[in-house]
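Read the structure below first, then the notes.
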Amino acid sequence: MADDQPLAPGLYLVATPIGNLEDISLRALRVLRSADRIACEDTRQTAKLLNYFEIKTPTVSYHIHNERERAEELVAALKNGARVAVVSDAGMPGIADPGEEIVRLAAAAGIPVFPVPGANAVLSALTASGMPAERFAFHGFLPSKPGERRTALETLLAEMRSVAAPTTQIFYETPHRIVDALADVIAVFGAHHAVTVAREITKLHEEFLRGPVSEVHATLAARENVRGEMVLLLSGALAAEDAAKVSIAEAVRLLIKSGLEEKDALKQVARERNIGKSDAYREWQRGKSKR
1 MADDQPLAPG LYLVATPIGN LEDISLRALR VLRSADRIAC EDTRQTAKLL NYFEIKTPTV
61 SYHIHNERER AEELVAALKN GARVAVVSDA GMPGIADPGE EIVRLAAAAG IPVFPVPGAN
121 AVLSALTASG MPAERFAFHG FLPSKPGERR TALETLLAEM RSVAAPTTQI FYETPHRIVD
181 ALADVIAVFG AHHAVTVARE ITKLHEEFLR GPVSEVHATL AARENVRGEM VLLLSGALAA
241 EDAAKVSIAE AVRLLIKSGL EEKDALKQVA RERNIGKSDA YREWQRGKSK R
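Residues in the sequence shown are numbered consecutively from 1, following UniProt numbering.
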């Protein structure tokens with residue numbers, strides 16, 4: 001896109017730096033300068049970026065509390081030929097941030113949607129984690145309530161056992177919950193399960209903690225304060241001793257809880273444990289009788 005070409009009408013999803021302002025792209029700066037308006041997750045946060053690069057484009061709020069109403073308003077403007085840029089506080093709009101709703105409405109209305117790629121915490125953490133990046137799954141934030149978080153991890157463990165190829169699992173986490181979240185990973189996956197915690201990516205105090213979850217947990221638990229944005233990555237490889245922690249009956253129960261029919265859950269567990277389906281069924285029935 002040459003500088004002397006006018007910006008085409010449409011919706012622009014503009015990635016913004018997750019820390020270091022030098023990570024903004026030349027195209028992103030051009031789009032932000034040329035757009036008719038910029039829809040921001042937080043106009044105050046975006047103002048810091050715009051002021052730094054001397055961008056005067058008008059802004060409007062577009063956040064989780066007004067997403068539906070504001071999306072409809074912006075799409076109405078887009079139908080009339082407007083050029084609207086959407087930004088989140090940091091990273092790519094729509095990835096655990098507002099953006100999905102307006103894209104859905106714009107696409108349904110036949111409005112062009114242009115991604116303007118750039119910084120993203122998930123991919124940045126994954127590529128520097130040392131974990132396999134060919135297959136990965138991003139889950140957003142873990143539940144904040146301890147019981148729900150433990151259940152989510154138990155369900156994830158059961159799902160991971162049903163997948164033939166190891167898949168790196170990625171979460172966002174907050175600094176005030178990361179220690180408790182790691183404690184739950186120990187309880188569910190075992191103390192030796194490999195994890196990476198990426199903290200303050202691209203910022204002054206960027207840090208990657210890699211190793212067994214028990215060691216990473218001990219490191220962070222020993223700190224008086226844990227600060228910064230966090231990305232938590234769990235290895236997709238399950239150690240034999242960790243797999244043995246969950247009984248056949250419990251593995252079936254967790255798969256059913258995740259949405260599988262009983263027969264499909266039994267089939268997956270039998271295949272994973274290299275046993276007959278009838279054997280899995282007997283263990284499942286035996287386990288139910290003990291509950």
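From the three backbone atoms N, C-alpha and C, an ideal C-beta is built for every residue, glycine too. All values reported here derive from a predicted model rather than from experimental measurement.
Where residue i falls, given that 16 or more other Cβ within 10 Å makes a residue buried
{"i": "arginine 223", "result": "exposed"}
{"i": "glycine 99", "result": "buried"}
{"i": "isoleucine 178", "result": "buried"}
{"i": "glycine 81", "result": "exposed"}
{"i": "isoleucine 64", "result": "exposed"}
{"i": "residue 379", "result": "With the chain covering only 1 through 291, there is no way to say anything about residue 379."}
{"i": "glutamine 285", "result": "exposed"}
{"i": "proline 58", "result": "exposed"}
{"i": "leucine 26", "result": "exposed"}
{"i": "glycine 147", "result": "exposed"}
{"i": "glutamate 241", "result": "Residue placement at glutamate 241 is flagged as unreliable, the pLDDT there being 49, under the threshold of 50; a coordinate-derived value is accordingly withheld."}
{"i": "glycine 110", "result": "exposed"}
{"i": "valine 252", "result": "buried"}
{"i": "glycine 276", "result": "exposed"}
{"i": "leucine 266", "result": "buried"}
Endpoints, beta strand (DSSP E) assigned at residue i
{"i": "threonine 16", "result": "It is not in any beta strand (DSSP E) - threonine 16 carries neither H nor E in the DSSP assignment."}
{"i": "serine 61", "result": "59-61"}
{"i": "alanine 39", "result": "37-40"}
{"i": "threonine 196", "result": "194-199"}
C-beta atoms of residue i and residue j nearer than 9 Å
{"i": "threonine 168", "j": "phenylalanine 141", "result": "no"}
{"i": "phenylalanine 208", "j": "isoleucine 170", "result": "no"}
{"i": "residue 306", "j": "proline 112", "result": "Nothing can be reported for residue 306, as the shown portion of the chain is limited to 1 through 291."}
{"i": "arginine 227", "j": "histidine 205", "result": "yes"}
{"i": "isoleucine 18", "j": "alanine 119", "result": "yes"}
{"i": "valine 231", "j": "valine 197", "result": "yes"}
{"i": "alanine 194", "j": "proline 212", "result": "yes"}
{"i": "alanine 121", "j": "isoleucine 201", "result": "yes"}
{"i": "isoleucine 237", "j": "proline 166", "result": "In the sequence on display, residue 237 carries alanine and not isoleucine. Yes; because the gap between Cβ atoms is below 9 Å, this pair is in contact."}
{"i": "valine 60", "j": "leucine 74", "result": "yes"}
{"i": "glycine 287", "j": "glutamate 250", "result": "yes"}
{"i": "arginine 273", "j": "isoleucine 256", "result": "no"}
{"i": "alanine 39", "j": "alanine 85", "result": "yes"}
{"i": "isoleucine 102", "j": "alanine 125", "result": "no"}
For residue i, the first and last residue of its enclosing alpha helix (DSSP H)
{"i": "alanine 76", "result": "67-79"}
{"i": "phenylalanine 26", "result": "Residue identity check: residue 26 is leucine in the sequence provided, not phenylalanine. 26-34 is the extent of the alpha helix (DSSP H) around leucine 26."}
{"i": "asparagine 51", "result": "43-52"}
For residue i, three-class secondary structure by DSSP
{"i": "glutamate 261", "result": "coil"}
{"i": "glycine 99", "result": "coil"}
{"i": "leucine 126", "result": "helix"}
{"i": "alanine 243", "result": "In this predicted model, alanine 243 has a pLDDT of only 49, less than 50, meaning its place in the structure is not dependable enough to derive any value."}
{"i": "alanine 107", "result": "helix"}
{"i": "valine 84", "result": "strand"}
{"i": "methionine 1", "result": "Residue placement at methionine 1 cannot be trusted, given a pLDDT of 47 that sits under 50; what the coordinates show is reported in the next sentence. In the structure shown, methionine 1 sits in coil (DSSP, three-state: anything other than H, G, I, E or B)."}
{"i": "glutamate 207", "result": "strand"}
{"i": "glycine 10", "result": "strand"}
{"i": "glycine 287", "result": "helix"}
{"i": "alanine 222", "result": "coil"}
{"i": "leucine 266", "result": "helix"}
{"i": "leucine 234", "result": "strand"}
{"i": "alanine 119", "result": "coil"}
{"i": "residue 297", "result": "No information on residue 297 is available, as it lies outside the stretch 1 to 291 that the chain covers here."}
Interface flag, residue i vs chain B, CB-CB below 9 Å
{"i": "alanine 133", "result": "The chain labelled as chain B is not found in the depicted structure, where only one protein chain is given."}
- Jot down the residue ranges of each uninterrupted alpha helix (DSSP H) in the stretch 140-187, minimum 4 residues, whole runs only, in chain order. The stretch 140-187 contains, as complete alpha helix (DSSP H) runs of 4+ residues, the segments 146-161 (chain order).
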